[in-house]
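Visitor: In this note's numbering, the protein residues as written are 1 to 436.
1) Buried or exposed for residue 349, please, with buried defined as at least 16 other CB atoms from any protein chain shown within 10 angstroms of its CB.
2) On the three-pair Cβ rule with 8 Å, is the region 92 to 110 touching the region 292 to 301?
3) Can you name the start and end residues of the alpha helix (DSSP H) that residue 471 belongs to?
4) What does residue 269 pair with, by DSSP beta-bridge criteria?
5) So the beta strand (DSSP E) residue 399 belongs to, where does it begin and stop?
6) Measuring alpha carbon to alpha carbon, tell me which residue in 163, 58 and 87 is nearest residue 25.
7) Pick helix, strand or coil for residue 342, following the three-state DSSP scheme.
8) Helix, strand or coil: which one does DSSP assign to residue 412?
9) Counting along the chain, where does the alpha helix (DSSP H) carrying residue 300 start and finish?
10) Helix, strand or coil, according to DSSP, for residue 164 in the structure here?
11) Determine the burial state of residue 6: buried for a count of at least 16 other Cβ atoms within 10 Å of its Cβ, exposed for fewer.
12) How about residue 415 and residue 368: do their beta carbons lie closer than 8 Å?
13) With distances taken between CB atoms, is the gap from residue 292 to residue 324 smaller than 8 Å?
14) So the candidates are 51, 74 and 31; which of them puts its Cα closest to the Cα of residue 314?
15) Shortest alpha-carbon distance to residue 174 belongs to which of 38, 230 and 43?
16) Take residue 188 and list the residues in its own chain whose beta-carbon comes closer than 8 Å to its own, dropping the five residues that flank it on each side.
17) Assuming residue 137 is part of the alpha helix (DSSP H), what are its boundary residues?
18) So is residue 128 buried or exposed if we call it buried at 16+ other beta carbons inside 10 Å?
19) What's the C-alpha gap between residue 196 and residue 177?
20) If I follow the unbroken alpha helix (DSSP H) through residue 220, where does it start and stop?
21) Whose CA, out of 390, 159, 301 and 410, lies closest to the CA of residue 113?
22) Bridge partners for residue 206 per DSSP, in chain order?
23) Nearest to residue 417 by CA position, among 405, 50 and 333, is which residue?
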């Protein structure tokens with residue numbers, strides 16, 4: 001952290017260095033700062049000094065924008081978040097995975113595949129695809145042929161993720177990038193957008209909702225040089241933190257826009273590959289696109305802010321790191337529930353209690369969602385079985401203490417006792433679901 005001087009404005013009542021630090025730690029744009037400045041401070045004068053302060057705490061990146069200026073970033077807004085990812089989060093995720101793997105190697109493989117399906121689905125949804133997790137799993141797990149472009153995009157994304165997982169020992173180069181792009185865009189491109197290499201014409205990103213141009217990519221004649229610079233940047237050893245570097249790779253790929261379509265999806269796959277290559281194995285259990293999808297407007301705003309503010313990559317890097325931390329929270333919750341489920345099944349089997357496939361699915365569903373209760377009719381419908389079979393299943397789950405049976409009106413409902421009452425409160429995201 002930089003030392004603050006006592007320099008004040010002409011009135012002597014405002015510490016400008018404090019403001020510079022404040023608006024750097026909270027990395028706001030010029031427009032956002034304008035309405036937060038104390039009375040008497042002019043935004044243009046303040047902004048030029050703030051840029052000097054940010055740049056003095058920044059690093060130049062060996063990648064050029066369309067005007068020939070170097071991109072750069074300031075580390076102050078996210079340095080503590082990187083420590084959190086590397087120490088606390090990384091270790092905690094690995095600990096959870098190691099325990100689950102010891103109990104069930106199949107469960108570890110399932111979690112990786114489930115994360116890849118989430119990433120394939122949500123990376124496609126960000127780009128306008130429409131589908132559900134259930135349908136995506138059917139297409140991928142059962143090998144069902146996609147029936148529309150949305151399903152084809154999701155299937156392609158999954159294939160691309162599997163491809164990079166199988167080729168982590170290769171350097172990222174033109175050949176690999178083109179192969180990933182080919183997989184991602186298979187059977188999804190218009191005839192005029194197809195190309196054997198990088199694009200050979202201009203490209204404009206259009207906001208159809210607001211009917212306006214959002215961004216025009218560099219001249220196509222510049223694309224080979226800019227991609228060569230990016231590949232050199234990826235493969236050159238430097239002191240950049242891998243998460244920062246992956247964020248820059250993601251941004252610059254989208255900035256160059258080397259293809260007519262599929263740039264966002266390809267960028268996310270390549271940044272994911274880079275992190276895995278740098279030893280961030282726990283990202284195999286992540287779907288960052290799931291979080292990005294939920295904050296899609298902020299994602300595009302972060303890209304736009306870095307483009308609009310003199311090549312300042314901090315806006316996008318800071319956003320991407322926040323998304324990773326949000327993803328870690330989601331993953332820890334998910335892994336916790338999986339760990340809790342494994343322990344419950346293990347303890348039941350240890351005590352000679354064997355659940356049916358349906359009962360295991362039912363219990364897994366309640367642990368995952370922490371749903372409050374289920375009726376016999378709902379159970380019957382869910383598993384497409386006879387009413388009497390459904391009743392026997394639920395009564396069995398009540399007998400072993402996993403559900404409580406209560407009569408409401410003329411019907412019986414079966415309430416899940418919750419992870420807390422099973423001695424697994426640390427894996428619960430709610431407090432005693434039965435009391436709700």
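Positions of the beta carbon are idealized from the N, C-alpha and C atoms, including for glycine.
Guide: Per the coordinate set shown:
1) Exposed is the call here.
2) no
3) Any answer about residue 471 is impossible in this case: the structure gives the chain only from 1 up to 436.
4) DSSP lists no partner for residue 269.
5) Looking at the DSSP string, residue 399 is not in any beta strand (DSSP E); the run it does join, the alpha helix (DSSP H), is 387 to 399.
6) 58
7) helix
8) strand
9) 296 to 308
10) helix
11) Because residue 6 carries a pLDDT of 37, less than 50, the predicted location of this residue cannot be relied on, and the following value inherits that uncertainty. Exposed.
12) no
13) no
14) Put simply, of 51, 74 and 31 the residue whose alpha carbon is nearest the alpha carbon of residue 314 is 74.
15) Selected option, being the one with the closest Cα: 230.
16) 149, 152, 153, 156, 261 and 262
17) From DSSP, the alpha helix (DSSP H) with residue 137 extends over 133 to 142.
18) exposed
19) 12 Å
20) Premise fails: residue 220 is in no alpha helix (DSSP H) and is neither H nor E.
21) Residue 113 has its Cα closest to that of 159, out of 390, 159, 301 and 410.
22) 213
23) When only C-alpha atoms are compared, the closest one is 405.
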